[in-house]
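As structure tokens, the structure follows; a few thoughts come after it.
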Amino acid sequence: MSVQYSWPTLIDMAAGAGIVALYNDAIKHTDVIGYQAALDEAQGAALIAGIQGELQRGETALMLIRDGEQCVGMVLLSWSDMPNCRHIATLSKGIIRSDYQGRGLVRDAFLSISDYCDANNFTLIMLDVRENSRPHKLWQSLGFTEYGRVNDYARIDGVSHPGVYMQQTTAALRGRLTTTTPSQPMLSHEEFKLKLRYELESRITLTHPIVKKILDGTPQWDLLRRVTLQGYQLTKHFLEYIETLYHHCPRGVHKKRLLFNMFEEETGRFSRTSNHVVLMENFVRAIGIQDAERDAAIALPNTRALIDYRMDLVRNRHTFHMGAAAVMIASEGQNLETAAGEARHELLPRIYGLTEADLRFFSVHQKEDVGHVAEGISLVADICTTPTMQQEALEVVRKTCDLFYGMYDGMYEAYAT
């Protein structure tokens, strides 16, 4: 991936088509872009003409994010022509293509925005967003703070949603994005928790090409089986991660929560199901894999790298905070992902004719791991007592999520090319 960030003043035909495609991708996968249906040819042409007119009048700046010839993201900044407000830039639109989300583009995009604002004397960045939406949480994690709100901000299918107006100085934004050193002050408890969740939610795997191929509507049985066997390699080790974290965890509420988590993994008692490895084995059989084939499967190199990285962290008591971040946040959080609002256990039955019982491993984790991730964030926030520990935990969440994506890269190379 060779991603470039540029600020064109003219939109050529290829860029225009790429921008319209970005809007339509966002419309398909979210409900926060401001449109309810995909743009047709005429609407797309009108959109591009409008942006081009604003560029020519000096009212707007456009940042395009390209990977080779592909347009994979964009940002629109606008400003007032009032002399007293000329220091304010408004982020009016920001889109990362769905299959490029979770790949670290947001940080670099905002660094480019900071550069542009510095070069053009914008010292304050403002934006507005629907309250409690995913973008709202992203802006919070990046340090944007609320300065106003409106109750009837957006209406979706007849339902009114509140919105918030947020701000941050360009200097503060750049400070948050650049490398943090141990000499910097501790993040507040709540700010650290927001950053942990942002690192998780900004790096998702359901947008990986191999996952999209499995879930694109046409059954890919052989590919599903191969990918599942790699996933099984992870499942086999998960209880050991939790057991080892429990061993190293200081006495108190977090140790008790790990005990409950461990008990559920082993027995399925709280979810009224079964041992979680057994649930996964039931799914493996449901898609036509025999036990002997399952037991003979081995981890691909990228899968093994993910397994070993987490195991090394949890086994060392000196990296307990990092092991907890890797397992309880970055790993448990993988089961919370959705594609166009649907989780794996909701997408698979429609395509592969699987039953609710077949998919219980996924449905149980989709439900249980909401609490597990919240507990993990709380544990890591409490246990990180220095700026260095905080930054180590954040880096581990990033790296673990990237290793998950790398695992899918390895499978794609081995099975889908």
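The sequence shown begins at 1 in the UniProt record's numbering and counts up one residue at a time. Using N, Cα and C, we set each Cβ at its ideal position, and we do this for glycine too. These numbers were taken from a predicted model, which means no experiment stands behind them.
8 Å Cβ cutoff met for residue i and residue j
i, j, result
"leucine 234", "isoleucine 307", "yes"
"asparagine 302", "aspartate 409", "yes"
"isoleucine 33", "alanine 26", "yes"
"isoleucine 48", "valine 20", "yes"
"valine 72", "tyrosine 35", "no"
"leucine 55", "histidine 87", "no"
"phenylalanine 320", "isoleucine 383", "yes"
"alanine 393", "methionine 322", "yes"
"tyrosine 232", "valine 159", "no"
"valine 106", "serine 202", "yes"
"methionine 411", "isoleucine 210", "yes"
"serine 92", "histidine 29", "no"
"alanine 305", "leucine 403", "yes"
"glutamate 281", "glutamate 368", "no"
"isoleucine 326", "leucine 347", "One point to set straight first is that residue 326 is alanine, not isoleucine, in the sequence displayed. In this structure, leucine 347 does not lie closer than 8 Å to alanine 326 by Cβ."
"valine 277", "lysine 236", "yes"
"tyrosine 5", "methionine 63", "yes"
Reference residue i; option with closest CA among the options
i, options, result
"arginine 317", "Phe283, Pro349, Tyr246 and Met328", "Tyr246"
"glycine 68", "Ala14, Ala299, Met280 and Arg107", "Ala14"
"valine 396", "Leu177, Leu196, Phe122 and Asp152", "Leu196"
"alanine 414", "Gln334, Ala299 and Ser133", "Ala299"
"asparagine 121", "Val370, Gly94 and Cys85", "Cys85"
"threonine 207", "Gly143, Ala325, Gly268 and Ile96", "Ile96"
"histidine 136", "Ser112, His161 and Asp157", "His161"
"threonine 273", "Val364, Ser188, Asp81 and Lys399", "Val364"
"histidine 254", "Gly371, Asp152, Ala171 and Val278", "Gly371"
"glycine 50", "Phe192, Gly333 and Leu10", "Leu10"
"glycine 18", "Leu39, Arg176, Thr30 and Tyr412", "Leu39"
"arginine 57", "Thr90, Gly94 and Asp81", "Asp81"
"glycine 148", "Ser133, His189 and Asp128", "Asp128"
"glutamine 391", "Ala171, Lys193 and Ala61", "Lys193"
"isoleucine 156", "Asp31, Ile351 and Gly268", "Asp31"
"threonine 218", "Ile351, Tyr23 and Gly16", "Ile351"
"isoleucine 329", "Arg398, Arg134, Thr178 and Thr267", "Arg398"
"alanine 416", "Asp12, Ile214, Ala37 and Leu187", "Ile214"
"threonine 90", "Thr170, Asp152, Gly16 and Gly44", "Thr170"
"glutamate 266", "Ala154, Gly252 and Leu239", "Leu239"
"asparagine 275", "Gln168, Ala154, Gln4 and Phe362", "Phe362"
"aspartate 216", "Leu187, Pro349 and Val150", "Pro349"
"methionine 389", "Tyr405, Ala324 and Glu332", "Ala324"
"alanine 61", "Gly94, Gln70, Pro83 and Ala46", "Gly94"
"alanine 45", "Asp12, Gln168 and Asp152", "Asp12"
"tryptophan 221", "His248, Ile287, Ser188 and Gly175", "Ile287"
"glutamine 70", "Glu59, Gly16 and Pro83", "Gly16"
"alanine 154", "Asn132, Gly175 and Trp139", "Asn132"
"glutamate 191", "Gly143, Tyr405 and Glu59", "Gly143"
"threonine 385", "Arg251, Gln334, Val150 and Ser188", "Ser188"
"tryptophan 139", "Cys249, Gln168 and Asn151", "Gln168"
"aspartate 108", "Met407, Gln334, Ala37 and Arg176", "Arg176"
Presumed contact (8 Å Cβ cut-off) between residue i and residue j, rounded CB distance
i, j, result
"threonine 145", "methionine 166", "6 Å"
"proline 110", "leucine 173", "Before going further, note that residue 110 is phenylalanine rather than proline in the sequence given. Between leucine 173 and phenylalanine 110 the Cβ distance is about 6 Å, and since that is below 8 Å, they are a contact."
"glycine 163", "arginine 130", "5 Å"
"arginine 315", "threonine 244", "6 Å"
"residue 425", "arginine 310", "Residue 425 lies beyond the range of the chain shown here (1 to 417); nothing can be said about it."
"proline 185", "proline 387", "7 Å"
"glutamate 198", "serine 141", "Per the sequence shown, the amino acid found at residue 198 is tyrosine instead of glutamate. Between serine 141 and tyrosine 198 the Cβ distance is about 3 Å, and since that is below 8 Å, they are a contact."
Residue i Cβ short of 7 Å to the ligand ZN heavy atom set
i, result
"lysine 255", "As far as ligands go, the structure on display features none, and thus does not contain the ligand ZN."
Test: residue i CB closer than 8 Å to a CB of chain B
i, result
"glutamine 56", "Chain labels in this structure do not include chain B; a single protein chain is all it has."
Report yes or no: do three or more beta-carbon pairs, one from the segment 73-88 and one from the segment 111-127, lie closer than 8 Å?
yes
May I have a chain-ordered list of the beta strand (DSSP E) segments no shorter than 3 residues that lie completely inside the UniProt domain "N-acetyltransferase" (21-171)?
60-67, 70-79, 88-96, 124-130, 145-156 and 159-169
Just checking, does the segment 216-228 make contact with the segment 354-365 on the three C-beta pairs under 8 Å criterion?
no
Decide yes or no for the touch test of the segment 278-294 against the segment 375-383: beta carbon pairs closer than 8 Å, at least 3 of them.
no
Alpha helix (DSSP H) runs contained entirely in the segment 246-324, provided each spans 4 or more residues
253-267, 276-286, 291-296, 301-315 and 320-324
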